[in-house]
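*Asks:*
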Ligand code: SAH
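Numbering (the working numbering), first residue to last: 2 to 341.
1) Would you check if there are 3 or more beta carbon pairs closer than 8 Å linking the region 220-238 to the region 167-183?
2) Which residues bound the alpha helix (DSSP H) around residue 309?
3) Can you tell which of 123, 213, 186, 86 has its C-alpha closest to the C-alpha of residue 99?
4) Please state if the CB of residue 155 and the CB of residue 118 are separated by a distance shorter than 8 Å.
5) Taking the alpha helix (DSSP H) that residue 123 belongs to, which residues open and close that run?
6) Whose C-beta lies closer than 8 Å to the C-beta of residue 64 among residues of the same chain, with five residues either side of it excluded?
7) Expressed to the nearest angstrom, what Euclidean distance is found between the alpha-carbon atoms of residue 18 and residue 175?
8) Use the C-beta contact count for residue 207: other C-beta atoms within 10 angstroms, 16 or more gives buried, fewer gives exposed.
9) Please classify residue 327 as buried or exposed, where buried requires at least 16 other C-beta atoms within 10 Å of its C-beta.
10) Spatial neighbours of residue 203 within its chain, please: CB distance less than 8 Å, with the 5 preceding and 5 following residues excluded, ordered by chain position.
11) Assuming the contact rule is C-beta atoms closer than 8 Å, residue 209 and residue 250 should be a hit. Round their C-beta distance to whole Å, please.
12) Let me know the secondary structure DSSP gives residue 46 once reduced to three states.
13) To the nearest angstrom, how far is the alpha carbon of residue 147 from that of residue 266?
14) Less than 8 Å between the CB atoms is what I'm expecting for residue 273 and residue 237, so what's the real figure, rounded?
15) Would you grab the beta carbon distance between residue 131 and residue 170 for me? Rounded to a whole angstrom, and I think it's under 8 Å.
16) Could you tell me if residue 341 is buried or exposed, where buried requires 16 or more neighbouring beta carbons within 10 angstroms of its beta carbon?
17) Would the region 314-324 count as touching the region 271-285 if we require 3 or more Cβ pairs under 8 Å?
18) On the three-state DSSP scale, how would you describe residue 130?
19) Relative to the ligand SAH, is the shortest distance from any of its heavy atoms to the C-beta of residue 253 smaller than 7 Å?
20) Residue 264 and residue 299 look like a contact to me (Cβ under 8 Å); what is the Cβ gap, rounded to whole Å?
21) So what's residue 104 in DSSP terms, helix, strand or just coil?
22) In terms of alpha-carbon separation, which member of 245, 151, 143 lies closest to residue 97?
23) Quick one: using the 10 Å Cβ neighbour count with 16 as the cut-off for buried, is residue 277 buried or exposed?
24) By Cβ distance below 6 Å, which residues in the same chain neighbour residue 72 in space, the five residues on each side in sequence not counted?
25) Tell me, please, which residues DSSP counts as bridged to residue 318.
26) In terms of residues, what are the limits of the beta strand (DSSP E) holding residue 151?
27) Using the Cα positions of residue 37 and residue 82, report the straight-line distance between them to the nearest angstrom.
28) Report the CB separation of residue 168 from residue 134 in whole angstroms; it is logged as a contact under 8 Å.
29) Taking the C-alpha atoms as reference points, what is the distance between residue 94 and residue 289?
30) From the DSSP output, in three-state form, read off residue 295 for me.
31) Look up residue 141 in the DSSP assignment and say whether it is helix, strand or coil.
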């Protein structure tokens, strides 16, 4: 069975034509799926019974079952969804004054091996399909009866290691006839797969690129993130500059502060030098200690000092609010310990 949510609007038109239907049916189906959020083909009442039957025989709507739902004291919700193939994934819903943000997973497990991340050390199963990425949004919207306004690809997985499906999902999320979330409200976070940063810059999607930088020297970054052995800081920043030039978008750098590791004034100074003159923003994340992890959270005092140093030297930096920590839903805490 094919998942009908794997198709963006253009691809769905082609698919329908290939099974002998008119292409405008694709827009009708899109509306049922993404605006009316129906869960069965039977509900698509402006399609003939015959077409509905044909769709039922050959396609699935890929509806997730909620295996587990945990609500944190700050209102953050972590979902564990059943993918119906023996796998499960985590998705996090965060509520901000400006609306709801969802943190979606792009893979089941992750190959990147970042030393501070809870997804590391758990076997990689597979990448998610586009349909499985967009269904995370629909399932949460249905469950909470809300409209999500921001999507961040910061759950489990490396989005740029699942490039085609992630880009295709972004097109569905962004399409006005689809989920209709503006590209500027969609962030893709990467550990730094440089060739695919160049590719993303060419896609003509105005999404925000977030780079997990976390260190200011190659030695330190390679210790924390093995991907740095493949693409070092210089190559990474060059790709970011290309992204900024091509998309006119500000790049966001994530920097998780670990005590006595990357949080001293020398690091802040180097960071200022590295990012000098770039159209960027730095998101400081108090690192979340993972089970048996060797990185501890920096003190609040250090985090504030670090931020102030950046801001005083022309780099816009903010400290990310820690949400969902009491249900292991905070940055880098998603893991497969609950998964079947
Ligand atoms: N693979 C992508 C997206 C997933 S991780 C990436 O690396 O960007 C989302 C963000 O959480 C990344 O910036 C990641 O470095 C950060 N992160 C991972 N583990 C963390 C931890 N223990 N504490 C704080 N942030 C963490």
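Idealized CB from N, CA, C, for every residue including glycine.
*Replies:* Reading off the structure:
1) no
2) Start at 1 with the first residue of the chain shown, and residue 309 comes out as number 308. From DSSP, the alpha helix (DSSP H) with residue 309 extends over 301-313.
3) By 1-based counting over the chain shown, the position of residue 99 is 98. Answer by Cα proximity: 186.
4) Taking the chain shown and counting its residues from 1, one reaches residue 118 at position 117. Taking the chain shown and counting its residues from 1, one reaches residue 155 at position 154. For residue 118 and residue 155, no; Cβs fall outside 8 Å.
5) The residue you call residue 123 lines up with position 122 of the chain shown. Taken as a continuous stretch (DSSP letters only), residue 123 belongs to no alpha helix (DSSP H), as it is neither H nor E.
6) Working through the chain shown from its first residue, we reach residue 64 at position 63. So the list reads 40, 136, 140, once near-sequence residues are dropped.
7) Indexing the chain shown from 1 puts residue 18 at position 17. Indexing the chain shown from 1 puts residue 175 at position 174. If I take the Cα positions, the gap works out to 23 Å.
8) Sequence index remark: in the chain shown, residue 207 carries index 206 (1-based). That one is exposed.
9) Counted from its first residue, the chain shown places residue 327 at position 326. That one is exposed.
10) Locating residue 203 in the chain shown gives position 202, counting from the first residue. So the list reads 247, once near-sequence residues are dropped.
11) Counting from 1 along the chain shown, the entry for residue 209 is found at position 208. Counting from 1 along the chain shown, the entry for residue 250 is found at position 249. That pair is a contact at about 6 Å.
12) Reading the chain shown from its first residue, position 45 is the one you call residue 46. Of the three classes helix, strand and coil, the one that applies to residue 46 here is coil, per DSSP.
13) Counted from its first residue, the chain shown places residue 147 at position 146. Counted from its first residue, the chain shown places residue 266 at position 265. Roughly 43 Å between the two C-alpha positions.
14) For the purposes of this step, residue 273 is identified with residue 272 of the chain shown, where counting begins at 1. For the purposes of this step, residue 237 is identified with residue 236 of the chain shown, where counting begins at 1. No, residue 273 and residue 237 are not in contact; Cβ-Cβ is about 17 Å, not under 8 Å.
15) Against the chain shown, residue 131 aligns to sequence position 130. Against the chain shown, residue 170 aligns to sequence position 169. Their Cβ separation, rounded to whole angstroms, is 4 Å, which keeps residue 131 and residue 170 in contact under 8 Å.
16) As a first step, residue 341 must be located in the chain shown, where it is residue number 340. Since pLDDT at residue 341 reaches only 46, below the 50 mark, its modelled position is unreliable, and the value read off the structure follows with that caveat. Exposed, because fewer than 16 other Cβ atoms sit within 10 Å of the Cβ of residue 341.
17) yes
18) Residue numbering aside, residue 130 sits at position 129 when the chain shown is read from its first letter. Looking at residue 130 - three-state DSSP - the assignment turns out to be coil, as it is neither helix nor strand.
19) Within the chain shown, residue 253 is the residue found at index 252, counting from 1. No, the beta carbon of residue 253 sits no closer than 7 Å to any heavy atom of the ligand SAH.
20) Taking the first residue of the chain shown as 1, we reach residue 264 at position 263. Taking the first residue of the chain shown as 1, we reach residue 299 at position 298. Yes, they are in contact, since the Cβ atoms of residue 264 and residue 299 sit about 4 Å apart, within 8 Å.
21) Translated into the one-based positions of the chain shown, residue 104 becomes position 103. If DSSP states are grouped into helix, strand and coil, residue 104 belongs with the strands.
22) As a first step, residue 97 is located in the chain shown; it is residue number 96 there, counting from the start. Closest option to residue 97, Cα to Cα, is 151.
23) Your numbering for residue 277 matches position 276 in the chain shown. Per the 10 Å Cβ criterion, exposed.
24) Counting from 1 along the chain shown, the entry for residue 72 is found at position 71. Once the five neighbours on either side are set aside, the close Cβ partners of residue 72 are 78.
25) In the chain shown, counting from the first residue as 1, residue 318 sits at position 317. For residue 318, which the question treats as bridged, DSSP gives the partners 283.
26) Working through the chain shown from its first residue, we reach residue 151 at position 150. Segment 151-154, the beta strand (DSSP E) holding residue 151.
27) Residue mapping note: residue 37 aligns to position 36 of the chain shown, counting from 1. Residue mapping note: residue 82 aligns to position 81 of the chain shown, counting from 1. Their backbone Cα atoms lie some 21 Å apart in a straight line.
28) If you number the chain shown from 1, residue 168 lands on position 167. If you number the chain shown from 1, residue 134 lands on position 133. Wrong, their Cβ atoms sit about 10 Å apart, outside the cutoff.
29) In the chain shown, residue 94 corresponds to position 93, counting from 1. In the chain shown, residue 289 corresponds to position 288, counting from 1. Each residue's Cα considered, the two are about 18 Å apart.
30) Position 294 of the chain shown, counted from the first residue, corresponds to residue 295. Coil at residue 295, not helix or strand.
31) Here the question's residue 141 lines up with position 140 in the chain shown. In this structure, residue 141 counts as helix in the three-state DSSP scheme.
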